[in-house]
Every structure is written in structure tokens, then in C-alpha cells.
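Residue numbers (the numbering used here), protein chains in the order written: chain A, 8 to 333; chain B, 2 to 769. Built from N, CA and C at the ideal position, the CB exists for glycine as well. Keep in mind the model is a prediction, meaning the values are calculated, not measured. Taking it in order: structure first as C-alpha cells, then the write-up.
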Amino acid sequence: MLPAFAYIRPTRLQDVVARLNQGDAQLHAGGTDLLGCLHDGVFTTDMVISLGALESDLNAIRQTEDGGLELGAMARVARIAEDATIRQRYPALAQAAASVASPQLRNQGTLGGNLCQKPRCWYYRGDFACLRKGGFKCFAVNGENQYHCILGGTDCFIVHPSDIAPALVALDAEIKTASPQGGRRIAASDLHMPPSEDPRRETRLKDGEVIVSIRLPGAMANRYSRYRKVRARQAWDFALAGCALNLDLDGDQVRDCRIALAGAAPVPWRAQAAEQALKGQTLTAATIRNTAQAAMADADPMSQNGYKVALFEGLIAEMLEQAAAT
Amino acid sequence: MPTEETETQNIEGQTPFTQAPDNPAEDKAEPWGEQTRIVGRRHGRIDGFERVSGGAVYPSDVSLPGLLHAAILGCPYPHARIKGVDASAALKLPGVHAVISSADADANPEWHQGGRIFNDTCRYEGEPVAAVAADNPYIAADALKRILVSYEELPYVSDMESALADGAPKVHPDGNTVKTDSYSRGDLKQGLEQAAVQVSGQYRTASEMQTPLERHGCVARWEGDQLTVWESTQGVYAVQSRIAETLGLPLTRVRVIGHYMGGAFGSKLDAGGYSIIASVLAKRTGRPVKLFVSREQTLLTMGNRPPTRMDIRLAARQDGGLTAIEFTGRGASGAYSAGGASLLDWLAKDLYQCDNVATELEDVYINAGPARPFRAPGYVQCAFAVEQAMDALAEKLNMDPVALRLKNIPKGSPAKDNLPYTTDGLRLCIEQGAQHFGWEAARAEAAKRQDGPIKRGVGMAAANWFVGDGGPPCTVIVRLYADGTANLNMGASDIGTGTRTVMAMVVAEELGLELDAISVENADTGTCQYATPSGGSKTVPTEAPTVRRACLAVKDQLLDMAAKQLGAGRDQVVFAGSEIRTADGFESLKIRDLDRLSNQKVVVGLGERRHNPDDVSITPFAAQFCELEVNTRTGEVKLLRMLGANESGRVINRLTWDNQLIGGVTMGIGFALTEGRVLDGPTGKLCNANWHDYKLPTALDIPPELISDPVMLNDDQANIVGAKGLGEPVTIPTAPAIANAIYHATGVRPMATPINPLDLLPRLNQET
Chain A
8 MLPAFAYIRP TRLQDVVARL NQGDAQLHAG GTDLLGCLHD GVFTTDMVIS
58 LGALESDLNA IRQTEDGGLE LGAMARVARI AEDATIRQRY PALAQAAASV
108 ASPQLRNQGT LGGNLCQKPR CWYYRGDFAC LRKGGFKCFA VNGENQYHCI
158 LGGTDCFIVH PSDIAPALVA LDAEIKTASP QGGRRIAASD LHMPPSEDPR
208 RETRLKDGEV IVSIRLPGAM ANRYSRYRKV RARQAWDFAL AGCALNLDLD
258 GDQVRDCRIA LAGAAPVPWR AQAAEQALKG QTLTAATIRN TAQAAMADAD
308 PMSQNGYKVA LFEGLIAEML EQAAAT
Chain B
2 MPTEETETQN IEGQTPFTQA PDNPAEDKAE PWGEQTRIVG RRHGRIDGFE
52 RVSGGAVYPS DVSLPGLLHA AILGCPYPHA RIKGVDASAA LKLPGVHAVI
102 SSADADANPE WHQGGRIFND TCRYEGEPVA AVAADNPYIA ADALKRILVS
152 YEELPYVSDM ESALADGAPK VHPDGNTVKT DSYSRGDLKQ GLEQAAVQVS
202 GQYRTASEMQ TPLERHGCVA RWEGDQLTVW ESTQGVYAVQ SRIAETLGLP
252 LTRVRVIGHY MGGAFGSKLD AGGYSIIASV LAKRTGRPVK LFVSREQTLL
302 TMGNRPPTRM DIRLAARQDG GLTAIEFTGR GASGAYSAGG ASLLDWLAKD
352 LYQCDNVATE LEDVYINAGP ARPFRAPGYV QCAFAVEQAM DALAEKLNMD
402 PVALRLKNIP KGSPAKDNLP YTTDGLRLCI EQGAQHFGWE AARAEAAKRQ
452 DGPIKRGVGM AAANWFVGDG GPPCTVIVRL YADGTANLNM GASDIGTGTR
502 TVMAMVVAEE LGLELDAISV ENADTGTCQY ATPSGGSKTV PTEAPTVRRA
552 CLAVKDQLLD MAAKQLGAGR DQVVFAGSEI RTADGFESLK IRDLDRLSNQ
602 KVVVGLGERR HNPDDVSITP FAAQFCELEV NTRTGEVKLL RMLGANESGR
652 VINRLTWDNQ LIGGVTMGIG FALTEGRVLD GPTGKLCNAN WHDYKLPTAL
702 DIPPELISDP VMLNDDQANI VGAKGLGEPV TIPTAPAIAN AIYHATGVRP
752 MATPINPLDL LPRLNQET
């Protein structure tokens with residue numbers, strides 16, 4: 008059952024920002040996560056602000072001066088998955104978008120919404136007064152933590168549910184926002200809030216701040232980039248492990264690389280030790296193994312999720328072998 | 002028929018599948034033979050358009066003038082004593098018409114196992130504490146939040162091992178063992194001594210939860226002392242008698258209607274607490290009341306396949322002949338006696354020929370939602386153990402798994418004193434399936450694909466099902482009208498399997514009519530004849546012969562009429578399609594031209610289900626084959642192709658047959674790979690109480706090639722249509738066929754469900 012709330016449909020972005028700055032208003036883009044959260048009583052709200060009537064175009068996908076792309080935050084996930092330019096120049100992003108949820112949800116959900124979704128932890132979503140919802144503890148610590156994080160957990164041990172966010176981190180994307188103060192640009196790798204800083208927020212967006220677009224740098228276009236997701240069920244499921252890989256290859260040699268993981272940590276997790284292990288190396292069985300192990304060097308599994316260490320190692324190794332084979 | 006096991010009660014205190022009472026005479030009539038006109042064809046649902054267009058009114062679609070909406074407040078703890086319920090704030094909410102709880106003695110009748118609808122001690126999360134009726138569902142939901150309940154939390158147990166430990170909290174005062182059971186034949190010790198080879202293992206299966214597309218619930222309306230309930234159910238008469246008994250009403254005062262219903266799988270064989278709550282609230286408010294439980298409440302409270310732990314030992318001679326089978330199974334009923342170990346040892350003692358068998362069963366209470374019969378109860382779990390153990394035995398004997406099974410095919414039911422089977426169906430399923438699947442070539446080819454991290458494997462498993470025979474009681478009426486159209490009246494529910502279509506095809510076949518000349522009315526105690534619930538794969542073998550018998554009764558009367566009209570002897574007239582002819586072929590009459598029919602307007606044929614022959618065991622058989630790939634670096638299992646060979650006698654509608662196979666395999670894939678109840682250790686609460694976290698398989702989890710391969714034969718000893726049950730046999734072998742293929746691919750044997758990277762990957766890394 009939905010709670011009672013006011014529903015407004017502003018036509019100007021400045022009105023969205025102004026209203027969002029008040030009380031506990033919530034944005035409604037695709038609604039695929041918001042409505043579920045309200046139905047399930049995960050949080051409540053007194054005002055829902057629709058982005059559906061905006062005059063400014065938040066759906067556009069356009070070329071930028073540096074040879075990159077700017078993607079409107081309201082672009083549907085399905086469109087990101089299908090767009091020919093994205094598939095050609097930034098395949099990791101298209102693959103990540105294609106691995107989201109189900110066809111219906113991809114048609115409805117938006118790019119911005121995917122980055123701002125709430126965690127899927129069953130304690131957070133369920134009938135448990137957990138820390139992230141304002142309670143005093145994380146139930147996963149002594150509970151059923153098979154799907155929880157192995158990296159970056161403190162106080163709260165969710166995994167961030169987005170597939171698209173790690174792809175954007177690996178592609179060094181930038182998030183453009185609007186806010187009462189005028190908006191800013193945030194590196195995709197800085198968008199999400201680790202629980203060590205605030206276990207009750209998922210992003211660093213401030214009150215009243217809205218994502219308007221995502222910029223993919225021209226420098227990252229046409230690199231070898233891939234996203235692969237391992238899940239317990241082949242559709243409508245979040246990642247047990249996901250990996251976004253972005254390699255600047257010179258033959259077999261890796262000039263530069265970025266690796267970001269889904270299903271590993273409370274935020275999209277940039278595997279910097281693995282990147283260091285791989286940079287400048289030739290893709291051989293040994294460097295691939297070293298890179299996969301480096302990615303998991305800091306892993307600190309809980310009682311039931313130790314399998315994820317081997318899973319990420321296997322996944323990263325498989326993806327690097329495929330890169331070497333191309 | 003089996004004895005103790007079938008008496009295992011479900012939560013509502015009824016046997017899962019109603020057994021035959023005193024039987025009328027045995028079923029005999031001229032079989033249809035090989036050449037049939039309509040039966041055996043692929044035919045779409047006669048109500049398909051209504052179902053997909055929204056025209057079909059399911060119980061959850063029913064709306065009535067003045068309808069109130071009810072909701073149930075469930076206990077948030079796995080075990081708690083209720084110290085008080087204060088509904089005053091809820092009752093003050095505008096639009097709230099009634100609140101009932103254990104505090105209202107006259108709204109809280111006795112319910113199953115000595116309890117009541119609302120109990121002072123709640124033994125599982127979600128157990129009903131109170132219920133409200135309000136103007137709309139939103140007010141009802143708000144009202145639930147205003148009911149103040151004072152709970153005293155009690156210690157709980159949520160797994161079988163803890164429940165049986167010394168000093169464990171007691172679910173019921175008598176302790177946590179529901180019941181134990183044992184079976185033996187021959188001499189186990191001797192059988193083990195005779196063996197050249199033994200294998201043993203401990204297998205576990207997770208609890209699979211009942212979550213049909215249409216949620217559980219009903220609409221209840223009183224007109225004076227007459228109660229009408231529109232309920233999503235497998236059996237309107239079972240619901241009628243349960244409501245009448247619980248509310249102290251004569252049967253004639255309760256009418257239950259369930260024309261359409263959206264799935265069940267065993268969890269809607271009987272009335273639910275919701276049926277009683279809706280009826281009581283409707284009585285209190287003087288308004289019709291609609292009560293459908295939420296999806297979360299479905300997963301918490303509407304039944305499940307019990308979790309099991311099974312120890313099995315097989316012993317065989319060097320030639321593969323089984324000499325001993327030892328099986329110990331434990332299952333958890335949940336918070337009430339609900340068949341936690343029901344039928345759990347049947348495949349162990351009944352699938353293969355073996356002289357020396359001993360089984361033991363133990364049913365355990367835990368503080369979790371009670372089990373309910375779930376598509377082949379016990380069998381699906383047991384198959385995971387037995388058929389994997391057979392696979393392990395074949396390897397140890399250096400025998401082909403198909404050959405090992407063929408070596409041990411019984412001629413009669415081993416657990417029913419070798420009562421002869423009516424067919425050699427187990428052998429036929431295995432042989433035909435292996436041939437059409439290309440078993441030997443696929444096994445050999447897979448063995449060659451072992452380089453690299455992606456391993457290919459091929460596996461198979463077989464099964465039977467002990468109640469695919471059907472039986473009385475069942476009454477059917479067929480009316481033939483003067484214009485040559487016919488109406489079929491039967492009490493049985495069509496639970497989505499196509500029962501209406503299949504029965505209409507039986508009528509069309511027997512009366513020589515086209516399918517569009519048949520109308521079907523069913524599942525209404527006010528207007529339809531008696532039927533037991535549609536469950537246990539017994540609807541076709543129960544209803545179809547009865548429908549045919551009613552048609553034969555119609556034809557008998559038509560022949561009387563024709564003989565008189567033609568001035569021929571009664572034995573000189575015969576049916577020829579939609580005409581009746583004299584035996585010499587000189588004269589004929591269309592049925593519409595029968596004078597007597599024109600005058601009397603309708604001919605009524607009564608069919609009653611006769612009993613089955615008692616000197617044979619009427620049993621459906623199955624075998625499934627699976628080819629898959631395992632990614633040994635990630636633990637991912639990718640199903641490539643599967644084939645299901647079933648012998649269930651005559652195929653009446655090939656399309657609904659294939660639907661059953663595809664649905665059964667899909668459900669088996671969920672059981673094998675994705676589904677399993679997760680109860681939180683520290684709180685005992687259900688973690689995966691929604692359709693995201695409780696992972697039903699999707700279209701992408703089904704192999705791209707899934708072949709339905711019926712063994713075409715007519716089991717004319719079974720009944721007068723030659724058909725047996727299919728709905729359960731199609732799901733029993735799926736999980737072990739997959740598990741055996743995984744073993745073939747990797748050398749790692751899945752010992753527990755669901756088989757997923759969580760369990761598989763660490764073992765792959767450990768053992769390779």
C-alpha cells in the first residue's frame with residue numbers, strides 16, 4: 008500500500024530543485040525503485056516530484072566537443088543498452104545496461120534512477136529496523152550475509168545494486184547535476200557514499216541536487232571495454248558479481264586500465280590494486296592471475312559470502328583472457 | 002494403495018489426496034482404440050480467449066455492491082505469546098467496519114490441530130493475530146497499523162537440527178518431533194553383505210515456497226443464512242465442507258464457486274484461515290467481504306515444500322542388480338503437523354527392484370510457516386537423493402547410468418507387494434528418452450569437452466508417481482440438447498492445467514460432436530456435481546472416465562430413441578459419428594432428427610467414477626535427460642537442452658500435455674537451481690519474502706531446447722479412457738537429472754538445493 012503524498016509535475020528544472028530541497032520529497036523518474044520502496048514501507052514521503060513533465064530535454068544522447076557522449080539522466084536503460092553509438096564506443100556501458108533487471112524494467116527505468124537506486128539488502132527492504140533505515144545495527148553481520156559485501160563494508164554491509172554505475176566508473180564518466188546552488192560535476196567514482204562516511208545515504212548528492220546528465224569522455228571511446236554479470240537467476244536479478252573492464256591495449260600490452268566491480272562493496276568498487284598490477288603488463292596467464300588476486304587482496308568476507316572471492320577472481324580472469332584473445 | 006504415508010495430514014487436517022471410499026463397480030467399457038477423432042490432437046484452451054483477454058472472472062476479480070476489503074495482521078515474530086490486542090484506535094478510523102482477533106470468542110472458531118483461527122501463542126512469523134474489514138484496501142492497511150498488540154517473544158527454532166537438540170525451545174508442549182515412521186522389506190543387513198559395491202551420501206533440499214500467480218483468498222457474502230464464497234481453490238467441495246464444519250453450518254448453506262483460479266500446486270486443496278475470516282467478517286458487518294493475502298503473507302504462511310535431510314545407501318552386485326536400499330529422511334512440517342516427511346521415502350522403496358529395503362522417516366516442528374502438499378510432495382525431494390545415488394552407483398560399477406536403471410526395472414510396484422504394473426512404462430520412458438535425446442552420443446561428446454574452464458555434462462533421472470490412477474468419488478452430468486449441442490457439468494476445478502478443454506474433448510470424442518458444440522460448467526457447489534480437489538495428478542484419470550461414462554449414458558438413451566423411431570431392434574442400431582444407423586446400413590438418423598429428443602428437449606447422462614481394478618498398480622512413469630555447461634571459474638550452470646519422456650497412458654490433448662511437461666520442468670529447475678527459503682539465523686524471520694529475493698526461474702533460466710516426448714500408449718487397464726496423471730511426474734526427475742549432469746561435467750556432486758555459485762564454486766575450487 009502506498010502512503011498518502013502530494014504529487015507534483017513541475018515543467019522547469021529549477022522548480023524541481025526548489026521543491027526537492029524541502030522536507031522529504033522524492034523524485035519520480037521511471038519509478039521502478041521508488042514505487043517499490045513506498046509500497047514496501049522502506050521509507051515514506053509527503054511529496055513525490057515527477058520528472059515526467061519537464062520542458063528541458065533530459066532524455067537526449069548527444070556528442071560532446073571532446074569526442075565523447077552526454078547522456079540525459081532520463082534516458083531509459085533500454086535505450087542505453089540499444090544505442091548504436093554507445094554499443095560501438097562504450098560497449099561496457101551498453102552491456103551493463105542490457106544486464107539490468109528485465110525488459111519491462113529496462114523500458115521503464117532511467118539512467119539517473121539506476122545510479123540513485125536503493126540497496127537490495129533483504130534486511131533493508133524487509134521488516135527489520137536496520138542501521139540504514141535509522142535503526143541501530145546491520146542485521147547482516149550475524150545474519151544471512153550470502154549476498155552482502157566483501158569489500159568496503161563498515162557498519163553497513165550492503166552491496167550497491169547498480170550494474171551501470173561500475174561501468175561508468177570504469178569509463179571515467181562524469182555526473183552533471185543541478186541544484187539550488189547551480190549544479191556541479193562529480194566523477195562517477197565519487198558519486199556514491201561509502202557507509203564509513205554515512206551509512207544512511209547512498210550518494211553524495213546534496214539536498215535538492217538532481218542528476219541531469221552523464222558525460223562519457225572522448226578519451227575513453229573505442230577502448231576495449233566490457234561488462235559481465237554473474238547472477239543466481241538469468242533475468243531480473245542483481246549481481247552476485249559484476250565486473251566492468253576498460254583496457255587501453257597496445258597489442259597484448261595494457262597501457263592503461265580501469266576495473267570496477269558490482270556486487271562487491273557498498274559502492275561501485277574501483278579495483279585500484281588490480282589496475283596497478285595490470286598497468287604496463289602484457290596479458291599472460293601470470294599477469295592475469297596476479298591481477299585477479301590483487302582485486303581481492305583486501306577482501307574481508309563475512310560468514311557466508313566467502314565464495315565471492317573466488318567468484319570475482321574467476322570472473323576477472325575470464326574477462327582478461329577474453330581480452331587477450333581478441 | 003500405500004498405507005501410513007497417505008494418512009499424513011496436511012495443515013488443515015486432511016489427507017493430501019482424498020482416497021477412494023466404498024467403491025462402485027469396476028470401470029469397463031469398449032476402449033476408444035487407436036483411431037480417435039479429437040482425442041490426441043493439439044487443441045488450444047476452449048476458454049483461452051477469456052483467460053488472456055481479461056473476460057474470465059477469477060475470484061480475485063469478483064466485485065459486489067457494498068463490498069468491504071479485509072486484511073490480516075500477522076505476528077512479526079517466529080514465536081510469541083500474545084498478551085493483549087487493543088483494536089480501539091483501528092475501530093475509530095473512519096471506514097473501518099470490524100476488527101476481530103483472539104479477543105473475540107465468537108469470531109474465533111476452532112481450526113486445525115486443536116488450535117483456533119487466532120491463537121494466543123503464535124508459532125510462526127505471519128500467523129494471524131487479527132483481521133479488519135474496511136471500505137477499501139488502503140483503510141484496511143492503515144487500520145492494521147493501529148492495532149496495538151502486546152507480544153511476549155518466546156525462544157524459537159528455525160532449523161531441524163536445532164529443533165532436535167537437547168534443551169531446544171519447544172514449538173508445541175510435547176516437543177519437536179511430529180511423528181516418526183519406518184518401513185522395511187527383506188533383510189537389509191543381508192542385502193548389504195551380498196553387495197559388491199555400495200554408495201552412500203547425505204542430500205539436503207531447501208524449502209520451496211508456494212507462490213501461485215493468483216494469491217490465496219476469497220470473497221464471502223451472506224444472504225440471510227446462506228453463505229456464498231468465491232474462492233481461488235483446487236476443490237470447491239473441499240472448501241465447502243471445511244467452511245461448513247468450522248462455522249457449524251449445514252452443507253446446503255454454503256456455496257463455493259471457483260470457476261477460474263490462478264494456480265495452486267497443492268496449496269489450495271482446502272479452505273484457508275482466510276476463508277473463515279472473510280466469512281466471519283461478512284457476517285459481522287452484513288456486507289460482502291473480500292480477503293486476499295498479500296504476496297509477503299503468501300510466502301510466509303501459505304505453505305511450502307518442507308526442507309529435508311536425506312541419508313541414502315545403495316548396494317549392488319557387480320552386474321548392477323540392487324541388493325539393498327537404506328534411506329533415512331527428515332523433514333520439517335513447520336509450526337504445525339503438515340506432512341514434513343510425507344511420502345519422502347517412496348521413490349527409495351518403490352522405484353527400483355530391490356529385495357532388501359529399510360527406510361525411516363522423521364517429521365519435525367520448527368517455528369516457520371507450515372508445509373502444504375506441493376506438486377509431488379516427498380517425491381521431488383527423494384528423487385534428488387535416490388537418482389543421484391543411482392548415478393554414483395553407476396560410476397562405481399563402471400556402468401552407464403541408463404543401463405543401471407534398466408537393470409533394475411520392476412514388473413510391479415515394489416512397495417505395494419509387487420502389485421503388477423499395467424505397463425512397462427519406466428523402461429519405455431528411459432529407453433525412448435535416451436534414444437530421442439541421443440544419450441550415448443551426447444555423453445561421449447561431453448566427455449571430450451573437458452578442456453578449459455567451461456565443462457559440459459549430460460545426466461538423466463527417472464521417476465514414478467503413486468497416485469496417478471485417480472478414483473471415486475466423482476459424479477458428472479452431460480446434457481445433450483435438442484439442437485445437438487452438449488453441456489458438461491462437473492465439480493472439478495481447472496487449476497490452469499486445461500481440465501475444461503481436456504474434458505470437452507472427451508465429450509466431443511464420445512458424442513461425435515465438434516468441440517465448439519460443448520459448453521462446460523464446473524467448480525461450483527451450487528450447480529455442479531461432486532468432485533474431489535484437483536490435485537495429486539488425478540484429475541484426468543478421475544474425471545475423464547467419468548465424463549466418458551456420462552456420455553455413454555446419453556448415447557444409451559439416444560439408441561433407445563432411435564430404435565423406436567426406426568422400428569429396429571435395440572441391438573440393431575449403432576452410432577456412426579453424429580448419426581445413428583441400423584446395423585444393416587440401410588437406414589440412418591441424425592441425432593437432431595430424433596423425435597423423442599425434439600419433444601423432451603434434453604437427454605441427461607449421469608456418470609459416476611467406478612473403482613479401479615485392484616489386481617494392478619496403475620502408475621505413471623517419467624525420465625528426463627539434461628545437457629548443460631558449468632563455468633568452473635564462476636560456478637554458473639547453463640542448461641543447454643532437456644527432454645522429458647513420460648508414460649501417463651493416453652495423450653488426450655497433446656498441447657496441454659506439453660504445457661504440463663514444460664511447466665513441470667520449469668518448476669523443477671527452480672527447485673534445483675534458484676529457489677530456497679532463507680530464514681534469518683538471529684531472528685528466525687523470513688529473509689526472502691518477495692519475488693525478487695525468492696527466485697522463481699525466468700524464461701532465461703529454461704534451456705533453449707526443451708522437448709516433450711510422450712510414450713504413446715493407451716493404458717486400457719487403467720480406466721475407460723486409458724489415461725493416467727501427468728502433472729506431478731513431469732517435475733520429479735528434473736533436479737537430479739540436472740545434478741547428475743553437473744557431476745558429469747565437473748566431478749562435483751551437488752549435495753544440496755538450490756545448486757548455485759554460493760555452494761558450487763567453493764567445492765569446484767576445492768576439488769579441482
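Identity of the residues DSSP links to residue i by a beta bridge
{"i": "C250 of chain A", "result": "A:R235, A:L268"}
{"i": "T623 of chain B", "result": "Residue 623 of chain B is actually Ala in this sequence, not Thr. Beta-bridge pairing links A623 of chain B to B:A464, B:N647."}
{"i": "G671 of chain B", "result": "According to DSSP, G671 of chain B bridges with nothing at all."}
{"i": "E630 of chain B", "result": "B:R457, B:K639"}
{"i": "Y204 of chain B", "result": "B:M311"}
{"i": "H773 of chain B", "result": "Since the displayed chain B opens at 2 and closes at 769, residue 773 of chain B lies outside it and no answer follows."}
{"i": "G119 of chain A", "result": "Bridge partners of G119 of chain A: none, in fact."}
{"i": "V604 of chain B", "result": "B:L481"}
{"i": "V274 of chain A", "result": "None; V274 of chain A has no bridge partner."}
{"i": "P129 of chain B", "result": "B:G75"}
{"i": "F164 of chain A", "result": "Paired residues: none, contrary to the question."}
{"i": "P1 of chain B", "result": "For chain B, the structure presents residues 2 to 769; residue 1 of chain B sits outside this window and is missing."}
{"i": "Y14 of chain A", "result": "A:V55"}
{"i": "A194 of chain A", "result": "A:E181"}
{"i": "S268 of chain B", "result": "According to DSSP, S268 of chain B bridges with nothing at all."}
{"i": "Q227 of chain B", "result": "B:E224"}
Chain-order list of residues whose beta-carbon lies under 8 Å from that of residue i (same chain, five-residue window excluded)
{"i": "D305 of chain A", "result": "L158, A280"}
Nearest-angstrom beta carbon gap, residue j and residue i [assumed within contact, 8 Å]
{"i": "D90 of chain A", "j": "I68 of chain A", "result": "6 Å"}
{"i": "Q573 of chain B", "j": "A584 of chain B", "result": "5 Å"}
{"i": "M303 of chain A", "j": "E320 of chain A", "result": "6 Å"}
{"i": "V237 of chain A", "j": "E297 of chain B", "result": "That belief does not hold up - the Cβ atoms of V237 of chain A and E297 of chain B are roughly 28 Å apart, past 8 Å."}
{"i": "A185 of chain A", "j": "V148 of chain A", "result": "A185 of chain A to V148 of chain A, Cβ: 38 Å. No contact."}
Close beta carbons around residue i, own chain, < 7 Å, minus the five adjacent residues each side
{"i": "K366 of chain B", "result": "For the record, residue 366 of chain B in the displayed sequence is Tyr; it is not Lys. So the list reads A164, V172, H173, N177, V179, S334, A336, once near-sequence residues are dropped."}
{"i": "I733 of chain B", "result": "A377, Y380, V381, A384, A464, W466, A623"}
{"i": "M504 of chain B", "result": "L489, M491, V521, E544, A545, V548"}
Exposed unless 16 or more other CB atoms sit within 10 angstroms - verdict on residue i
{"i": "T18 of chain A", "result": "exposed"}
{"i": "V555 of chain B", "result": "buried"}
{"i": "D710 of chain B", "result": "buried"}
{"i": "L327 of chain A", "result": "buried"}
{"i": "F119 of chain B", "result": "buried"}
{"i": "Y184 of chain B", "result": "buried"}
{"i": "T291 of chain A", "result": "exposed"}
{"i": "A248 of chain A", "result": "buried"}
{"i": "G127 of chain B", "result": "buried"}
{"i": "Y14 of chain A", "result": "exposed"}
{"i": "G304 of chain B", "result": "buried"}
{"i": "H46 of chain A", "result": "exposed"}
Own chain, CB closer than 6 Å to residue i, minus 5 neighbours either side, in chain order
{"i": "V459 of chain B", "result": "A443, R444, A447, E628, A742, H745"}
{"i": "R550 of chain B", "result": "G608"}
{"i": "T423 of chain B", "result": "V617, I619, D716, Q718, A719"}
{"i": "A267 of chain A", "result": "P173, V176, A177, A251, P275, R277"}
{"i": "T476 of chain B", "result": "Q530, Y531, E609"}
{"i": "I410 of chain B", "result": "L427, R428"}
**Asked** Can you list, in chain order, the stretches of the alpha helix (DSSP H) that have 4 or more residues and sit fully within the stretch 345–415 of chain B?
**Response** Listed in chain order, they are 347–351, 380–398, 402–408.
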